[in-house]
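Each remark here refers to the structure printed beneath this line.
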Ligand code: SF4
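Protein chains in written order, with the numbering used here: chain D, 1074 to 1511; chain Y, 81 to 194.
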């Protein structure tokens, strides 16, 4: 007989679904099945069961051959590396719990590191825009219960956040949205006819990288002012139709993703999207929300925010917190060669950073703390395998709408495998010894 | 890609470039051929497949991952964010060149072997 654990939280994407059920063996050691999760969520749970999973730390020599080392050696290497570096970069933090982030920040303060999270290649530009113009936002609960005009701008939840539409944005019947998707209008803006776009009532197939123009045009249309014949490849009539659709709603929500944050105009796109939201509030209620990717990248921003005052790229190397995107951000530091050691936890810059930055990582003393074998672990000197947070370890995570949710431990980690938090605590203790602080 | 980035499934999902039928014609290649994609910033071999979310002639798509990162623009323009989208590229047929898996690709690129 196996037991079923209910109300499990999925630790994969920022949707942080909290209605999963997991079937585990009686001894609580084996995870058998996952219910309610989408394909990627299920895969994450099942991957923890992989037979070829790494459980022993790996150290690479000059030639790139790895050998097993003990956890004590791994702690020692990490602590020494961080203490000996002038300005180490401690990057990642998005696939772990807030508790581990907090311990990491304590280490960073002691060794004078730069702490940066995956927002740097994801919604960092959003954070910059928020600081420039503010943000009228809401929770996903409000979206479910109130929103009747849904915009997906430069994001593709059908693939990246598979249950977002069914749980919150399009299909659910909420308190004031009893008709579900029938009473909602869905607008998608994407240069590709994505699977999300195919479901939309209105799809604006924008020319790549022209988001700023189209957003401005929408603001013009919302105010009823004249427009040129086409903007960003979209005919005037369509833009006006979208503007009217949004104005006629009772609650507009704009979700946006990498399509706007990563293209050339970056934070200015988001400035404009937020300004559009603000304008819409003259006619109806409107809110805007970034589609955060990693399940706890939002939490990393929160923890950094309450500890140091800034949501990402916090430079502690001078003994106090500085924040200067473009200067203290990971890719800029790496490109300019301004950091001399790399510590990665809960992220995969090897796969997500431009190759020029990855080459820099490969040349430096480096530690990768990750349950998976990844392109990052392939180039880092030390790979420390850890437990899967949200599967083998609980802890707090923040959903994309900044709602904290306590994740659940459903099974035990393999023997001898530490959690992120346990590993960091041991490194912290050793760092304190080396630095001679109590 | 939770099943493991060292596995063939990752290469199959991200070591690709999605192109329109019209662009396959212009390239003079069949679908599912290996192609070399080159930008101002680098070059990489990926498999060209028919776009799944088209049509978008003239626009090609490589999913986020180490293959895309060989060619995207590392310029952040003081935002910290590399320019992942809208990078002009040249696509050439490279039938005889293999698509490397993610670990090989990153290791070789770091050693300067490709
Ligand atoms: S939508 Fe996201 S959080 Fe929900 S089950 Fe899928 S991967 Fe997990």
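Backbone N, C-alpha and C define an ideal beta-carbon position, used for all residues, glycine too. All values reported here derive from a predicted model rather than from experimental measurement.
CB contact below 8 Å: residue i versus chain D
| i | result |
| --- | --- |
| residue 164 of chain Y | yes |
| residue 189 of chain Y | yes |
| residue 130 of chain Y | no |
| residue 154 of chain Y | yes |
| residue 85 of chain Y | yes |
| residue 144 of chain Y | yes |
| residue 150 of chain Y | yes |
| residue 95 of chain Y | no |
Whole-Å CB distance - residue i paired with residue j, under 8 Å assumed
| i | j | result |
| --- | --- | --- |
| residue 1449 of chain D | residue 1424 of chain D | 7 Å |
| residue 1382 of chain D | residue 1394 of chain D | 6 Å |
| residue 1098 of chain D | residue 166 of chain Y | No, residue 1098 of chain D and residue 166 of chain Y are not in contact; Cβ-Cβ is about 49 Å, not under 8 Å. |
| residue 85 of chain Y | residue 1445 of chain D | 7 Å |
| residue 1469 of chain D | residue 1171 of chain D | 4 Å |
| residue 1197 of chain D | residue 159 of chain Y | 7 Å |
Cα-Cα separation, residue i to residue j
| i | j | result |
| --- | --- | --- |
| residue 1227 of chain D | residue 1488 of chain D | 43 Å |
| residue 1430 of chain D | residue 1157 of chain D | 22 Å |
| residue 1375 of chain D | residue 1384 of chain D | 7 Å |
| residue 1276 of chain D | residue 1260 of chain D | 6 Å |
| residue 116 of chain Y | residue 1262 of chain D | 30 Å |
| residue 1181 of chain D | residue 1168 of chain D | 18 Å |
| residue 1481 of chain D | residue 1079 of chain D | 10 Å |
| residue 134 of chain Y | residue 1265 of chain D | 6 Å |
| residue 1083 of chain D | residue 1496 of chain D | 23 Å |
| residue 81 of chain Y | residue 1420 of chain D | For residue 81 of chain Y, the predicted model reports a pLDDT of 47, less than 50, meaning its position is unreliable and no value from the coordinates is stated. |
| residue 1239 of chain D | residue 1269 of chain D | 12 Å |
| residue 1109 of chain D | residue 142 of chain Y | 30 Å |
| residue 1436 of chain D | residue 1478 of chain D | 38 Å |
| residue 1135 of chain D | residue 1438 of chain D | 11 Å |
| residue 1139 of chain D | residue 1145 of chain D | 17 Å |
| residue 1175 of chain D | residue 139 of chain Y | 43 Å |
| residue 1092 of chain D | residue 1295 of chain D | 39 Å |
| residue 1308 of chain D | residue 1205 of chain D | 31 Å |
| residue 1318 of chain D | residue 1286 of chain D | 19 Å |
| residue 1112 of chain D | residue 1509 of chain D | 49 Å |
| residue 1246 of chain D | residue 1085 of chain D | 25 Å |
| residue 1089 of chain D | residue 107 of chain Y | 43 Å |
| residue 1541 of chain D | residue 112 of chain Y | As displayed, chain D neither begins before 1074 nor continues past 1511, which places residue 1541 of chain D out of reach and without an answer. |
Residues that residue i contacts on chain Y, provided the C-beta gap is smaller than 8 Å
| i | result |
| --- | --- |
| residue 1264 of chain D | 136 and 139 |
| residue 1282 of chain D | 165 and 166 |
| residue 1193 of chain D | 160 and 161 |
| residue 1267 of chain D | 133 |
Under 8 Å from the C-beta of residue i: neighbouring residues of chain D
| i | result |
| --- | --- |
| residue 174 of chain Y | Near residue 174 of chain Y there are no residues of chain D at all, since even the closest Cβ is about 18 Å away, more than 8 Å. |
| residue 108 of chain Y | Near residue 108 of chain Y there are no residues of chain D at all, since even the closest Cβ is about 24 Å away, more than 8 Å. |
8 Å Cβ cutoff, residue i in contact with chain Y
| i | result |
| --- | --- |
| residue 1335 of chain D | yes |
| residue 1408 of chain D | yes |
| residue 1139 of chain D | no |
| residue 1426 of chain D | yes |
| residue 1340 of chain D | yes |
| residue 1234 of chain D | no |
| residue 1276 of chain D | no |
| residue 1201 of chain D | yes |
| residue 1438 of chain D | no |
Proximal residues of chain D, C-beta to C-beta of residue i below 7 Å
| i | result |
| --- | --- |
| residue 180 of chain Y | The premise fails here: residue 180 of chain Y is roughly 11 Å from chain D at the closest Cβ pair, so nothing lies under 7 Å. |
| residue 186 of chain Y | 1423, 1431, 1448, 1451 and 1452 |
Within chain Y, the residues that residue i reaches when beta carbons sit closer than 7 Å
| i | result |
| --- | --- |
| residue 1404 of chain D | 154, 156, 160 and 162 |
| residue 1469 of chain D | What residue 1469 of chain D touches in chain Y: nothing, since even the nearest Cβ is about 21 Å away. |
| residue 1237 of chain D | Here the premise fails: no neighbours, minimum Cβ distance about 17 Å. |
| residue 1322 of chain D | Per Cβ cutoff of 7 Å: no residues; residue 1322 of chain D is ~27 Å from chain Y at best. |
| residue 1435 of chain D | 190 |
| residue 1445 of chain D | 84 and 85 |
Proximity to residue i [Cα-Cα], best of the options
| i | options | result |
| --- | --- | --- |
| residue 1087 of chain D | D/1510, D/1509, D/1506 and D/1475 | D/1475 |
| residue 1291 of chain D | D/1247, D/1347 and D/1392 | D/1347 |
| residue 150 of chain Y | Y/110, Y/139 and Y/179 | Y/179 |
| residue 1410 of chain D | D/1141, D/1161 and D/1144 | D/1161 |
| residue 1104 of chain D | D/1388, D/1137, D/1413 and D/1075 | D/1075 |
| residue 1456 of chain D | D/1093, D/1142 and D/1121 | D/1142 |
| residue 1123 of chain D | D/1508, D/1460, D/1285 and D/1467 | D/1460 |
| residue 164 of chain Y | D/1189, D/1426, D/1415 and D/1344 | D/1426 |
| residue 1498 of chain D | D/1179, D/1120, D/1089 and D/1125 | D/1179 |
| residue 1148 of chain D | D/1506, D/1500, D/1509 and D/1504 | D/1500 |
| residue 105 of chain Y | Y/154, Y/171 and Y/122 | Y/171 |
| residue 1177 of chain D | D/1506, D/1502 and D/1507 | D/1502 |
| residue 174 of chain Y | Y/110, Y/100 and Y/136 | Y/110 |
| residue 1209 of chain D | D/1313, D/1126 and D/1343 | D/1343 |
Contacts of residue i in chain Y (Cβ-Cβ under 9 Å)
| i | result |
| --- | --- |
| residue 1181 of chain D | Per Cβ cutoff of 9 Å: no residues; residue 1181 of chain D is ~17 Å from chain Y at best. |
| residue 1386 of chain D | 160 |
| residue 1151 of chain D | Residues of chain Y passing the Cβ test: none, with the nearest at roughly 21 Å. |
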